[in-house]
Amino acid sequence: MTISTWFALCFFCAAIVAGHASSSPNGIGVSHTAIDQRVAAVRDLLTQLTTPHRLLVLTCWPPNLRFQLWQVIQRGSGHLPTAIQFGDINTRNLPWHDRNQHHVVILVDLACPGTDGLLQNADQLLYYRVRWIVLHTTNEKAWKDCNGYEVLDRLPLFISNELFYFCTDPVTNRHLVRQQYRLSVTNRTELITEVFGTWEPTKGVVLTVDSGSLVTSMRRQNFNHFQLRASIVILHNETLNHLDDLHDKHIDTISRVNYQLTKSIALALNATVSFTFVDSWGYRDPKTGRYNGMIGELQSDLADLGGTALFFTQDRIHIIDYLSMTTPSRVKFVFRAPKLSFTDNVFVLPFDQPVWYCTISFILLSGVLLAVVLRTEQRYAIGGDGTGPQARLSDALLNVFGTTCQQGSFIEPKTPPSRCLILLCLVVLMFLYASYSANIVALIQSPSTKIQTLDDLLASRLKTGAEDTVYNRYYFQHETEPVRKALYERKMRNKDGTENFIPLAEGVEAIRQGHYAFNVELGVCYKLISETFQEEEKCGLQELEYLKVIDPYYAMQKNSSFREPIRITLFKLREFGIQGRENTLLYTKKPRCTGGSSFIPVSIVDVWPALMTLGWGYLLTVCLLIAEQLWFRVRGRLLPTDVYFQQ
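Counting with mature numbering (1 follows the signal peptide of the UniProt record, and there is no 0), you get residues -21 to -1, 1 to 626 for the letters of the sequence shown.
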């Protein structure tokens, strides 16, 4: 119905009401006593509900009665809806895709033709988010008997429904506001009826439920031994024999924690639970679009609860409902921090760049000054004629460089200036050499903190692997982000086509040996590390997240009627400490470094830059030797023999 049509209907109704009011001494809608009992009952019930924002009226009421309802709502207090909308009795007028369904109250009258079909086709709107007010009246005083609502008995009014209907108690003739629900239609569970309150024209709706239990999900916490169905992911068959003990708690840890929490949920709700065991969380088949594993059972209504927490991903949002984080479990790369020389050239780290610049400048300046002093010394030497070999700049620089490396000076100073200069160089460069050598020793024993991101891991020389689990294989093989995809293709997948998915114990041992990053669930990994590593080997453990997901969530069927009671129960388990207790029993925290660091022997990696320098030096020396030999051979052929020998 368009806005213009709605306003036309309002003005039309106003005209009709005005005509009736002119012939009435009181005037309908003006005097409180003239309000129709159906309108008054709806108004009084709305004031007891959590403030709704919109009232949707799908009835066959006459225009004057609709206008009276609109007038009462518009003139009402803040407890009444802020908007009212009228429509035909048709399912297309139901708020199927309204983002604010929880703010909508739908009013229907079973006396209107087509209302039965409307309710039967409302599906999940009967028990999920939307609230209903149902009347069955032929006129304002003829209320339906409470035993005459057989049509409601056939509807899927599950435990989460908020459908209120007015009826008359055949014994006391009191007008009641009632609710009813079943836990399951399939199992034909017992119909449970609640009296929400009583209604009188002078008193309105008087609640019979506790004011603290107005929230439906808080009031209906007794499932009367109803059997819930839970699906559990088990990756190791041996776990089935140890779900209730702490034996090998590092195996299927996340499933064992949530298994205990699922039993606690059933106990808190006075329900029972049956478990089915699957071998995967559930991943989408690109051909059929269906999910397998635990999500597939939730999707196919073979399970009510996802008894193993799973990661929150965008493609699963429209398939399942995520309720609460139950396990602080993360899957990350765990590795021992490699030696600093594994990621950096330790021979350039002892000094900052300004110190290096100052040192090189000092060597050059000292070499130039030494060459000047030596030449002056030769020129003005007593008894000398100044015809001996002249001191060259290259000799002076070589002498200072040798002094820097604590090799001594091969030039013998004869005058006070040259001796002072050599002595100054020896003293200054002695301190630099001592500082440099001490830093080198410390740096070789230091761990590296350079690997902080996936880009760093990709560029490092660390080998990588992952625990052989279904989710690890799925996420590594289907990753599209460039860095993560490159990490899989260059480090996880070998050239022969094999992949580095290995058992847990083998991966933890590879971490202990060093230079290996293992993608694994942290609690499980730290349990084995605590048992197998030496105390000093527990130091320097680092983590690097690959999946970039939040903690796993407990999940259940999409739009299930059990959603709110179970979600509230999960929050209670967390607040009361039961969830923390189960996690503490089965999950192992990161071990503390209490043994200090052990001595690390120097390896080829530590001295590799020095060996590279030596190798390039040898190569340069050989090249210069060959070039010198060629030069002398060519020069000997070009010059005459007597000139060549004279030189």
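From the three backbone atoms N, C-alpha and C, an ideal C-beta is built for every residue, glycine too.
Exercise for the section: Count the CB pairs spanning the region 563 to 571 and the region 496 to 512 that are closer than 8 Å, and state whether there are at least three. Expected result: yes
Problem - Within 9 Å, strictly: CB atoms of ILE213 and ASP258 - result: yes
Practice task
May I ask you to report which of helix, strand or coil DSSP gives PRO461?
Solution key: helix
Exercise for the section: State yes or no: is the C-beta of ILE112 within less than 9 Å of the C-beta of PHE145? Expected result: yes
Practice task
Give every residue of the same chain whose Cβ lies closer than 8 Å to the Cβ of CYS602, excluding the five residues on either side of it in the sequence, and list them in chain order.
Solution key: none
Practice task
Provide the residue span of the alpha helix (DSSP H) that contains LEU97, from first to last.
Solution key: 94 to 99
Handout entry: CB of ILE138 within 9 Å of CB of PRO544, strictly
Key = yes
Exercise for the section: List the whole-angstrom C-beta distance separating ASP585 from LYS242, where the pair is believed to meet the contact cut-off of C-beta under 8 Å. Expected result: In fact, because the Cβ distance is near 55 Å, the residues do not count as touching under 8 Å.
Problem - Sequence ranges, alpha helix (DSSP H) only - wholly within the region 193 to 263, length at least 4 - result: 195 to 198, 232 to 247
Problem - Bridge partner(s) assigned by DSSP for TYR270 - result: ARG263
Exercise for the section: Would you list the one or two residues that DSSP bridges to TYR495? Expected result: LYS442
Handout entry: Closest by C-alpha distance to VAL36, when choosing among GLN27, THR116, VAL21
Key = VAL21
Practice task
Can you tell me which of HIS229, LEU328, GLN386, ALA375 puts its alpha carbon nearest to the alpha carbon of LEU400?
Solution key: ALA375
Handout entry: Cβ pair count under 8 Å reaching 3, the region 226 to 236 against the region 184 to 193
Key = no
Practice task
State whether the region 308 to 328 contacts the region 487 to 498, with contact taken as three or more CB pairs (one from each stretch) at a distance under 8 Å.
Solution key: yes
Problem - 9 Å Cβ cutoff met for SER397 and ASP323 - result: no
Handout entry: Whole-number beta carbon distance between CYS125 and HIS147, since they are thought to touch under 8 Å
Key = Contrary to the premise, residue 147 reads as Thr rather than His in this sequence. With 8 Å as the limit, THR147 and CYS125 qualify as a contact, their Cβ atoms being about 6 Å apart.
Handout entry: Per-residue burial, SER253 [other beta carbons within 10 Å of its own, 16 or more giving buried]
Key = exposed
Problem - Collapsed DSSP secondary structure at SER414 in the structure displayed - result: helix
Handout entry: LYS527, DSSP secondary structure in three states
Key = coil
Handout entry: Cβ contact (3+ pairs, closer than 8 Å) linking the region 475 to 486 and the region 331 to 340
Key = no
Exercise for the section: Quick one: grab the DSSP three-state call for SER303. Expected result: strand
Problem - Option nearest PRO461 by Cα separation, candidates TYR107, ILE430, TYR525, LEU405 - result: TYR525
Practice task
Taking all protein chains shown into account, decide if TRP122 is buried (16 or more other Cβ within 10 angstroms of its Cβ) or exposed.
Solution key: buried
Problem - Separation of THR383 from LEU405, as counted between CA atoms - result: 7 Å
Practice task
Enumerate in chain order the residues of its own chain whose CB-to-CB distance from SER416 is below 6 Å, with the five nearest sequence positions on each side excluded.
Solution key: none
Exercise for the section: Return the CA-CA distance between MET471 and ILE508, expressed in angstroms with no decimal places. Expected result: 22 Å
Handout entry: ILE171 - partner residues in DSSP beta bridges
Key = TYR160
Handout entry: Alpha-carbon spacing of GLU179 relative to ARG198, whole angstroms
Key = 24 Å
Handout entry: Boundaries (first-last residue) of the alpha helix (DSSP H) holding LYS593
Key = Note that residue 593 is Leu in the sequence shown, not Lys. Run containing LEU593: 583 to 617, per the alpha helix (DSSP H) assignment.
Exercise for the section: Assign ASN152 to buried or exposed, taking buried as 16 or more other Cβ atoms, counted over all protein chains shown, within 10 Å of its Cβ. Expected result: exposed
Problem - Cutoff 6 Å; reference SER56; Cβ partners in own chain excluding five residues on either side - result: none
Handout entry: Sequence-distant residues of the same chain with beta carbon closer than 7 Å to HIS32, five excluded per side
Key = PRO60, THR61, ALA62, ASN79, HIS82
Problem - Extent of the continuous beta strand (DSSP E) run through THR147 - result: 141 to 147
Practice task
Please confirm whether GLU141 and VAL109 have their CB atoms less than 9 Å apart.
Solution key: yes
Problem - Helix, strand or coil at ASP124 according to DSSP, with G and I counted as helix - result: strand
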